[in-house]
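Engineer:
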């Protein structure tokens, strides 16, 4: 009888909804700087070259990778990165979603605001394919524009 | 005259190394001293045998083979050809060169490859909600991409305030 109760408890723990215990994503925050002056797209951004060559980025002939930061974000936890504009990027991993054919998607919450303020981008909730990149741009920075790429991968 | 000095004189006499006066003295002695005469005969006999043995060894020696060995040695001393030098270099330094090349390739890959998470197979983002702060305007762009990466979503936030960033 006691053995049956332990078995039931184990099953309950195993199949609890949202039983993503230990779930986390590994994210890379790429901080880029777009300039209209003649130049090239940083070689380390080769995988984004096509996107960065099209509107609304086509005006930028030079795109440099200023910094690349790796974060591990556990489920429902928030990690933050300070941007060169002094704004704070906060990223929260909400959950993982399974689509048809077992395609994995991630739901994340992102905010980019000055410290202790709600300006600029107080929050956006989005889903994206595993290892997909979301681009956030528009902040003026040193005669150019700051572009932030957020790429997350489920661990 | 001691025995050892005597023997030395007789030996030198046999070898023709004595001066004229000393040689004459030895000859005079040999006429009167049968023991000395016997030693000189023994020495000359031994000398004759040694000469015969040396001559026989010289006859048996194959000088054509000896010359062949000398010639092959000279040829070995010739400087190696370009291909021999290259192959020798690879034998000696091949592993080092291969290791160094591999290290350079890895270093370049690390430097040039985008850091962090592997480049996306598919971007395909869906914005569920977007909250933009005061004095800012948010626009969502979709960049149509190739099949591999799908469409890429861009959130463009334009600040309408004068302050901006730097």
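Protein chains in written order, with my numbering: chain A, -7 to 147; chain B, 31 to 196. Beta carbons: idealized from backbone N, C-alpha and C, even for Gly.
Work out the CA separation of residue 96(A) and residue 120(A) for me, nearest whole Å.
Structural biologist: Approximately 9 angstroms between the Cα atoms of the pair.
Engineer: Distance cutoff 7 angstroms, beta carbons only. Does residue 159(B) sit that close to anything in chain A?
Structural biologist: Closer than 7 angstroms: yes.
Engineer: For chain A, find out if any of its Cβ atoms is closer than 7 angstroms to the Cβ of residue 126(B); answer yes or no.
Structural biologist: No, because no Cβ of chain A sits closer than 7 angstroms to the Cβ of residue 126(B).
Engineer: Name the two residues that bound the continuous beta strand (DSSP E) containing residue 139(A).
Structural biologist: Here the beta strand (DSSP E) through residue 139(A) covers 136 to 146.
Engineer: Looking at the strands, I want to know which residues DSSP matches up with residue 186(B).
Structural biologist: According to DSSP, residue 186(B) bridges with 129(A) and 169(B).
Engineer: Work out the CA separation of residue 122(A) and residue 164(B) for me, nearest whole Å.
Structural biologist: C-alpha separation (whole angstroms): 32 angstroms.
Engineer: Starting from residue 16(A) and walking both ways along the beta strand (DSSP E), at which residues does that stretch end?
Structural biologist: Note, residue 16(A): beta strand (DSSP E), 16 to 27.
Engineer: Comparing C-alpha positions only, which one of 146(A), 33(A), 111(A) and 87(A) sits nearest to residue 101(A)?
Structural biologist: Closest option to residue 101(A), Cα to Cα, is 87(A).
Engineer: Which residues in the same chain have their Cβ closer than 6 angstroms to the Cβ of residue 70(A), if we skip the five residues on either side of it in sequence?
Structural biologist: Result list for residue 70(A): 82 and 84, in chain order.
Engineer: Any contact of the region 14 to 33 of chain A with the region 45 to 57 of chain A, i.e. 3+ C-beta pairs under 8 angstroms?
Structural biologist: Touching, per the Cβ criterion.
Engineer: For the region 178 to 192 of chain B, which residues have a CB atom closer than 9 angstroms to at least one CB atom of chain A, in sequence order?
Structural biologist: For the region 178 to 192 of chain B, which is checked against every Cβ of chain A, the residues closer than 9 angstroms are 179, 180, 182, 183, 184, 185, 186, 187, 188, 189 and 191.
Engineer: For residue 115(A), which residues does DSSP report across the bridge?
Structural biologist: Answer is 161(B).
Engineer: On the three-state DSSP scale, how would you describe residue 64(B)?
Structural biologist: Residue 64(B): helix per DSSP, three-state reduction.
Engineer: With DSSP as the reference, label residue 47(B) as helix, strand or coil.
Structural biologist: Coil, per DSSP.
Engineer: Are the region 150 to 162 of chain B and the region 123 to 135 of chain B touching, with three or more C-beta to C-beta distances below 8 angstroms?
Structural biologist: Contact between the region 150 to 162 of chain B and the region 123 to 135 of chain B is absent, because fewer than three Cβ pairs lie under 8 angstroms.
Engineer: Is the beta carbon of residue 77(A) sitting closer than 7 angstroms to the one on residue 131(A)?
Structural biologist: Cβ distance < 7 angstroms, so residue 77(A) and residue 131(A) count as in contact.
Engineer: Taking CB distances under 7 angstroms as the criterion, tell me whether residue 41(A) reaches chain E.
Structural biologist: No chain E appears in this structure, whose protein chains are A and B.
Engineer: Taking 6 angstroms as the cut-off, does the CB of residue 81(B) come closer than this to any heavy atom belonging to the ligand ADP?
Structural biologist: Among the components of this structure there are no ligands whatsoever, and the ligand ADP is therefore not found.
Engineer: For residue 18(A) versus residue 147(A), is the C-beta distance shorter than 7 angstroms?
Structural biologist: In contact: residue 18(A) and residue 147(A) (Cβ atoms closer than 7 angstroms).
Engineer: Out of 51(B), 179(B), 159(B) and 184(B), point me to the one whose CA is closest to residue 169(B)'s CA.
Structural biologist: For the residues 51(B), 179(B), 159(B) and 184(B), the minimum Cα distance to residue 169(B) belongs to 184(B).
Engineer: Roughly how many angstroms separate the alpha carbons of residue 64(B) and residue 57(B), rounded to a whole number?
Structural biologist: One C-alpha to the other measures close to 12 angstroms.
Engineer: Quickly, what does DSSP pair residue 33(A) with across the bridge? List them, please.
Structural biologist: Paired residues: 55(A).
Engineer: DSSP puts residue 64(A) in a beta bridge; with which residues?
Structural biologist: Answer is 18(A), bridged to residue 64(A).
Engineer: Quick one: what's got a C-beta closer than 7 angstroms to residue 23(B)'s C-beta in the same chain, skipping five residues either side?
Structural biologist: No answer is possible for residue 23(B): it lies beyond the span of chain B, which begins at 31 and ends at 196.
Engineer: In angstroms with no decimal places, state the Cα-to-Cα distance between residue 180(B) and residue 98(A).
Structural biologist: C-alpha separation (whole angstroms): 16 angstroms.
Engineer: Given a cut-off of 7 angstroms on the beta-carbon distance, is the pair residue 161(B) and residue 107(A) in contact?
Structural biologist: No. Outside cutoff.
Engineer: 7 angstroms is my cut-off, CB to CB: does residue 163(B) come that close to chain A?
Structural biologist: With 7 angstroms as the cut-off, residue 163(B) counts as an interface residue toward chain A.
Engineer: Starting from residue 159(A), trace the beta strand (DSSP E) both ways and give me its first and last residue.
Structural biologist: This structure cannot speak to residue 159(A), because chain A is shown only from -7 to 147.
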